[in-house]
Amino acid sequence: MKLATWNVNSLGVRLQHLTNWLQAHPVDVLVLQETKLTDDKFPAAELQAAGYHAAFFGQKTYNGVALLTRSAHDTVVRNIPGFADEQARVIGASVDGLRIVGVYVPNGQAPGTDKYEYKLQWLRGLRDWLREELAVHRELVLMGDFNIAPEDRDVHDPAVWAGQIMCTEAERDQFRHLLELGLVDAFRLFDQPPKSWTWWDYRMLAFRKNQGLRIDHILVSEALRGRVRACSIDREPRKLERPSDHVPVTVELA
DNA sequence: ATGTCACCTGGTAGGTGA
């Protein structure tokens, strides 16, 4: 089976890109970030026509997450239990024997800001919850927009980005703490092309110059490690007209 | 070149967030 994550940067704008992509890549599970739609505006009918059950959790203007599955899913969770949050950033469910958690980690703006502190607090809350979740669900996939480039090889110019948002040591520590729970970065289980990014700034001709970061990730629990057959980034949607600034990442499980 | 995009309010531009 195949599972994927994609920050669409407004599902209202990107619905056609999404349905086209799903037609070409009929993954079994897809989590979306930055839908930017309240639940009453979520295009559930269009996605049902495309063959997907949808769970969604949105808000006005910002954030918003969704989970699409070919098979029926159940036991949906919205946001982090026990972590009070006014922003819609997490959706999880059980499907095909797997526990799926889709996340839109706060961007954090810049070190030293309130938003940065919120990001770090949020990541601590996520870790505390996932520790419990993993104890109950051995086969778990955590995927989404983490807004963290875990290592220098995930950054087009590590010198420029050193200490900047998405690359600070505190953020990378939080990412490592997630791995320490017993999660594996599926992308790094395989040889990958150098300069593999999932996000390019709209500005500065960043995509044309391939100046990006790898900040969208798929982490699988140790119990799933042996089932991972491939993990790849699809940069094609970034070439379309009016693209999202992020592209999809897909993992294949046996 | 902080050079783009999305979405809001409230209006034919400016602010916020990424």
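In terms of this note's numbering, the first sequence is residues 861 to 1114. Even glycine gets a Cβ: it sits at the ideal position worked out from N, Cα and C.
Spatial distance of residue i from residue j (CA atoms)
i     : j     : result
L990  : A1046 : 17 Å
D934  : K979  : 28 Å
A953  : K862  : 16 Å
N967  : Y976  : 8 Å
D900  : F917  : 10 Å
I1075 : D1017 : 14 Å
W1021 : A1009 : 10 Å
A926  : Q893  : 7 Å
A1019 : D1033 : 19 Å
V1001 : G942  : 20 Å
A904  : T879  : 12 Å
A1114 : R1089 : 6 Å
F1035 : E1029 : 10 Å
F1067 : H877  : 18 Å
Nearest candidate by alpha-carbon position, reference residue i, set the options
i     : options                    : result
V965  : G985, T973, P1097          : G985
A970  : G962, I951, G1023          : G1023
P1135 : T895, T865, W982           : This structure does not reach residue 1135, given that the chain is present from 861 up to 1114, and the question cannot be answered.
L928  : L1043, H913, D1014, V1111  : H913
W1060 : V1107, H877, L892, G1072   : G1072
I951  : A995, P1010, A910, L890    : L890
P1054 : I1078, I1093, L1043, V955  : I1093
L983  : F1006, A915, F1050         : F1006
R930  : F1035, A910, P941, G942    : A910
T898  : N923, D1014, R874          : N923
L1084 : R1095, V1111, R1068, R1102 : V1111
D888  : R874, L958, E894, G872     : L958
H1106 : R1089, V1088, S1056, L1113 : S1056
V996  : Q883, S1081, R1087         : S1081
Exposed unless 16 or more other CB atoms sit within 10 angstroms - verdict on residue i
i     : result
E1031 : buried
T921  : exposed
D1012 : exposed
E993  : buried
K896  : buried
Residue i CB to nearest heavy atom of the ligand ATP below 7 Å
i     : result
P1108 : Absence of the ligand ATP is noted for the structure shown, with no ligands found whatsoever.
Cross-strand partners of residue i (DSSP beta bridge)
i     : result
S931  : BP columns for S931 are empty, so no partner.
Q893  : N867, V925
T1110 : A864, S1092
I951  : R938, G962
A845  : The shown model of the chain, from 861 to 1114, leaves out residue 845, and the question about it has no answer.
**Message:** Give the list of continuous beta strand (DSSP E) stretches no shorter than 3 residues that lie fully inside the region 999 to 1061.
**Reply:** Taking only runs of at least 3 residues, the beta strand (DSSP E) segments lying wholly in the region 999 to 1061 are 1000 to 1005, 1043 to 1045.
**Request:** Identify every run of the alpha helix (DSSP H) within the region 1070 to 1099, keeping only runs that are complete inside it and at least 4 residues long; order them along the chain.
**Result:** Counting whole runs of 4 or more residues, the region 1070 to 1099 contains the alpha helix (DSSP H) stretches 1082 to 1085.
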